[in-house]
Structure formats: C-alpha cells, structure tokens
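Accompanying notes for the structure given below.
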Amino acid sequence: MTERPALGTAHRRGGAAWLVALAIPVAACHPSREQDRAVSFTRLGQIALTQHACGSCHRISGIQGADGRVGPPLVDYARRRMIAGVLPNTPANLARYLKAPRTVVPGNMMPQEALGDREIQGIVAYLGRH
Amino acid sequence: MRPPLRPIVSGWFLGVMTCGVVALLVAALFLSGIAFRVGADQPHSKLLAWAIHRTMLSSVRRHARREVPRLPLDRATLLAGAALYEQRCIACHGGPGIARAYWVSAMLPTPPYLVDASARWSHAELYALIHDGVKMTGMPAWGEISSDREIAQIVALIEAMPMMTPDQFAQLRRAAAARRR
Numbered sequence: 001m002t003e004r005p006a007l008g009t010a011h012r013r014g015g016a017a018w019l020v021a022l023a024i025p026v027a028a029c030h031p032s033r034e035q036d037r038a039v040s041f042t043r044l045g046q047i048a049l050t051q052h053a054c055g056s057c058h059r060i061s062g063i064q065g066a067d068g069r070v071g072p073p074l075v076d077y078a079r080r081r082m083i084a085g086v087l088p089n090t091p092a093n094l095a096r097y098l099k100a101p102r103t104v105v106p107g108n109m110m111p112q113e114a115l116g117d118r119e120i121q122g123i124v125a126y127l128g129r130h
Numbered sequence: 131m132r133p134p135l136r137p138i139v140s141g142w143f144l145g146v147m148t149c150g151v152v153a154l155l156v157a158a159l160f161l162s163g164i165a166f167r168v169g170a171d172q173p174h175s176k177l178l179a180w181a182i183h184r185t186m187l188s189s190v191r192r193h194a195r196r197e198v199p200r201l202p203l204d205r206a207t208l209l210a211g212a213a214l215y216e217q218r219c220i221a222c223h224g225g226p227g228i229a230r231a232y233w234v235s236a237m238l239p240t241p242p243y244l245v246d247a248s249a250r251w252s253h254a255e256l257y258a259l260i261h262d263g264v265k266m267t268g269m270p271a272w273g274e275i276s277s278d279r280e281i282a283q284i285v286a287l288i289e290a291m292p293m294m295t296p297d298q299f300a301q302l303r304r305a306a307a308a309r310r311r
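In order, the protein sequences belong to chains A and B.
All letters in the first sequence, in the order written, are residues 1 to 130 by the numbering used here.
All letters in the second sequence, in the order written, are residues 131 to 311 by the numbering used here.
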C-alpha cells in the first residue's frame with residue numbers, strides 16, 4: 001500500500017525528465033531574442049552582424065556566410081590598428097564609425113545601416129573578441 | 131549452422147516498425163509546433179541555417195539555365211537596370227553606399243547586399259535567382275511579371291556594381307529617375 005504512491009511519483013519524475021530532455025534541444029534551436037536584456041552583448045553583436053548583412057561585404061569569424069570581399073576582412077579584428085584606415089581602433093571610434101561610416105570616410109561604399117545603440121555595443125563587443 | 135530464417139524476418143520487421151513509429155512521433159512533434167517555432171525573431175540553429183543555405187546554393191547552381199540573355203554593359207542598359215532596381219530591389223538589397231530600408235534587418239533570412247553578388251554567382255545563376263525567386267526568403271519570382279529583357283537589365287546592373295563608385299551609382303540613380311519623369 002505504501003509503495004504504490006512512491007512508484008507513481010517515480011513515474012511522474014520519469015515523465016518530467018522526459019519533458020526536460022525534450023525541451024533542451026528545442027530551446028537550443030531557438031537562441032534568445034535580440035531585444036532580450038538577458039542576452040550578452042557578444043551574442044547580440046553576433047545576431048546584429050548577421051541581420052545587418054555585414055557578411056555580404058566583410059569576412060567575419062563565427063558569422064555564417066560572412067565571406068564578402070568588398071570591404072576589409074574583420075577576421076582578427078581585435079588586433080587591428082586602424083578603422084577604415086583613418087581612425088585608431090578603439091571601441092568608441094568603432095561605435096562612431098558604425099553609426100555613420102560616410103561622415104568618417106566621405107564617398108565610402110559602406111552603407112549607413114540603421115543600428116540601435118545596443119546593437120552597436122554588441123558589434124563592438126563581438127569584434128573585440130574575434 | 132545457419133540461424134533459422136523466421137526470427138531474422140520478424141526481427142527485421144520489428145525494427146522497421148520501430149523506425150516507422152519513431153519517425154511518426156518526430157513528425158508529430160514538428161507538425162504540432164512543439165519542436166519548431168516559426169517566429170522570425172529568433173535565429174535558426176547553426177545546423178539548420180547551414181542546411182537551408184546549402185540547399186539553396188545547390189538548388190540555384192543545379193537549376194540555372196545554360197542559355198540566358200546577356201546585354202552589353204552600356205549606358206542605356208544600366209539606366210534601364212537602375213530604374214528597375216530602384217523600384218524592385220533597392221529597399222531590400224541596398225546598393226553601393228546605399229543602406230537597405232531600416233525594416234529589412236528584421237527579416238529572416240535577411241537579404242544580402244549585392245556588390246559582391248557577381249563574384250558569388252555566375253551570370254546564369256544571377257539570372258535564375260531574379261527570374262525564379264527563392265522560396266521561403268521573401269525573394270519574388272520576378273520572371274512572373276517581367277520580360278526576359280528586364281531581368282537581363284537588372285543582372286547587368288548588378289554585374290556592373292563592383293565597377294562603380296558610390297558617387298557614380300548615385301548619379302546613375304538620379305539619371306534613371308530623371309528619365310522616368
């Protein structure tokens with residue numbers, strides 16, 4: 001008599017474990033949303049670099065399909081000395097350049113994508129680590 | 131000693147049945163929306179993104195026709211191409227020095243810039259991409275509503291893009307707009 005409820009609990013636990021096991025791969029398929037404050041800046045930057053199609057023109061490590069040959073490659077970016085050949089490579093300068101590339105280099109091919117402040121911080125963080 | 135045939139057959143049958151049941155369960159997970167969320171606010175997993183993109187690349191390469199029209203890259207062709215590009219392409223794909231519309235970064239997959247397109251795709255592949263469109267990307271099949279000549283004019287403009295400065299592209303846009311008036 002006393003053992004029966006215990007068996008039932010074990011059964012339920014087994015069911016819960018199954019659901020968790022199922023939920024993990026499902027959740028892994030859906031990384032966090034761009035606007036989610038809990039997402040790290042690096043991850044946000046990775047999403048922003050993808051969604052703003054930076055890879056059409058630049059080679060960027062860790063971004064799928066980012067193998068463009070129009071602008072300079074951004075591989076090993078953290079060790080780069082200058083941005084666009086005119087600005088010292090600091091986080092503040094990169095943020096300034098991303099906001100309006102053509103004001104830094106007039107006649108520049110790089111378009112002024114509509115980037116939010118958090119996205120810019122994210123891109124700075126991502127490139128700083130790659 | 132050969133093993134008797136019956137257990138092998140029944141074992142094989144049981145295995146096939148098990149695979150079938152598992153496949154049905156997995157299909158049910160997807161069809162019921164448990165295992166897949168269509169919301170475009172979250173990126174695909176890396177594996178799925180790679181598989182979809184790989185399929186698209188292979189399909190375009192395989193199905194591009196061998197004989198497609200090719201126009202000379204002269205001023206008349208580029209002006210006609212620029213007029214069409216302005217109406218149909220620039221919002222999603224931008225241009226040399228021209229950003230895409232601000233809402234385009236919210237699309238998944240997001241449309242690429244095209245300055246590099248002629249290095250990635252052959253003439254026939256570019257023609258096929260524009261003429262046939264691309265399923266599940268938002269790329270329309272422009273061939274459904276355009277002449278072959280119009281498609282060739284757009285291809286010509288895209289192939290000329292890497293030979294233009296942003297200022298020259300801006301001038302071409304202005305000239306195309308003036309000619310339409």
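All C-beta atoms, glycine included, are put in the ideal place defined by N, C-alpha and C.
1. Please tell me whether A/Ala53 and B/Pro202 are closer than 9 Å, where the distance is taken between their beta carbons.
2. Just verifying my parser: in three-state terms, what is the DSSP assignment at A/Cys29?
3. Which runs of the alpha helix (DSSP H) spanning at least 4 residues fall entirely within the stretch 143–182 of chain B, listed in chain order?
4. B/Asp278 by DSSP, collapsed to three states: which one?
5. Can you give the Cα-Cα distance for B/Arg205 and A/Ile123, rounded to whole angstroms?
6. Straight-line CA distance for A/Pro101 to A/Gly85?
7. With 9 Å set as the bound, which would you pick, yes or no: does the beta-carbon of B/Asp262 sit closer than that to a beta-carbon of chain A?
8. If you measure beta-carbon to beta-carbon, which residues of the stretch 183–217 of chain B are closer than 8 Å to chain A?
9. Considering only C-alpha positions, which residue in the set B/Leu256, B/Val146, B/Arg218 and B/Gly141 is nearest to B/Arg195?
10. With A/Glu113 as the anchor, note down where its alpha helix (DSSP H) starts and where it stops.
11. Who are B/Val264's beta bridge partners in DSSP?
12. Name the chain B residues whose beta carbon is nearer than 8 Å to that of A/Pro72?
13. Report back the beta-carbon spacing between B/Thr207 and B/Gln283 to the nearest angstrom; my notes put them in contact at under 8 Å.
14. Quick one: does A/Thr50 have its CB under 9 Å from some CB of chain B?
15. Say whether chain A places a C-beta atom closer than 9 Å to the C-beta of B/Val156.
16. Near B/Ile281, which residues of its chain fall below 7 Å by C-beta distance, leaving aside the five closest residues on each side in sequence?
17. Counting only beta-carbon separations shorter than 9 Å, does B/Ala305 have a partner in chain A?
Quick answer:
1. Your numbering for residue 53 of chain A matches position 53 in the first sequence. Your numbering for residue 202 of chain B matches position 72 in the second sequence. Cβ distance not < 9 Å, so A/Ala53 and B/Pro202 don't count as in contact.
2. As a first step, residue 29 of chain A must be located in the first sequence, where it is residue number 29. In this prediction, A/Cys29 has a pLDDT of 49, which is less than 50 and means its spatial position is unreliable; what the coordinates show is noted afterwards. Correct three-state label for A/Cys29: coil.
3. Listed in chain order, nothing qualifies, since the stretch 143–182 of chain B has no complete alpha helix (DSSP H) run of 4 or more residues.
4. Along the second sequence, one-based indexing puts residue 278 of chain B at 148. In the structure shown, B/Asp278 falls within a helical segment according to DSSP collapsed to helix, strand and coil.
5. Residue 205 of chain B sits at position 75 when you count from the first residue of the second sequence. Residue 123 of chain A sits at position 123 when you count from the first residue of the first sequence. Inter-residue distance for B/Arg205 and A/Ile123 is about 39 Å (C-alpha atoms, whole angstroms).
6. What you label residue 101 of chain A is simply residue 101 of the first sequence in a count that begins at 1. What you label residue 85 of chain A is simply residue 85 of the first sequence in a count that begins at 1. Cα-Cα distance, rounded: 12 Å.
7. The residue labelled residue 262 of chain B in the question sits at position 132 within the second sequence. Contact of B/Asp262 with chain A is not assigned, every C-beta pair being separated by 9 Å or more.
8. So the close ones are His183.
9. Walking along the second sequence from the start, residue 195 of chain B turns up at place 65. The candidate whose alpha carbon is nearest that of B/Arg195 is B/Leu256.
10. Stepping through the first sequence from its first residue, residue 113 of chain A is reached at position 113. Per DSSP, A/Glu113 belongs to no alpha helix (DSSP H) and is neither H nor E.
11. The residue you call residue 264 of chain B lines up with position 134 of the second sequence. Under the DSSP definition of a beta bridge, B/Val264 partners with B/Met269.
12. On the first sequence, residue 72 of chain A is found 72 positions in, with the first residue counted as 1. Within chain B, no residue comes near A/Pro72; the closest Cβ sits about 13 Å away, beyond 8 Å.
13. By 1-based counting over the second sequence, the position of residue 207 of chain B is 77. By 1-based counting over the second sequence, the position of residue 283 of chain B is 153. Cβ-Cβ separation between B/Thr207 and B/Gln283: approximately 6 Å, consistent with a contact (criterion under 8 Å).
14. Residue mapping note: residue 50 of chain A aligns to position 50 of the first sequence, counting from 1. Yes, because at least one Cβ of chain B sits closer than 9 Å to the Cβ of A/Thr50.
15. For the purposes of this step, residue 156 of chain B is identified with residue 26 of the second sequence, where counting begins at 1. Chain A contact via Cβ: absent.
16. Numbered from 1 along the second sequence, position 151 holds the residue referred to as residue 281 of chain B. Once the five neighbours on either side are set aside, the close Cβ partners of B/Ile281 are Tyr257, Ile260, His261, Trp272 and Gly273.
17. For the purposes of this step, residue 305 of chain B is taken as residue 175 along the second sequence, with counting starting at 1. No, B/Ala305 does not count as interfacial toward chain A.
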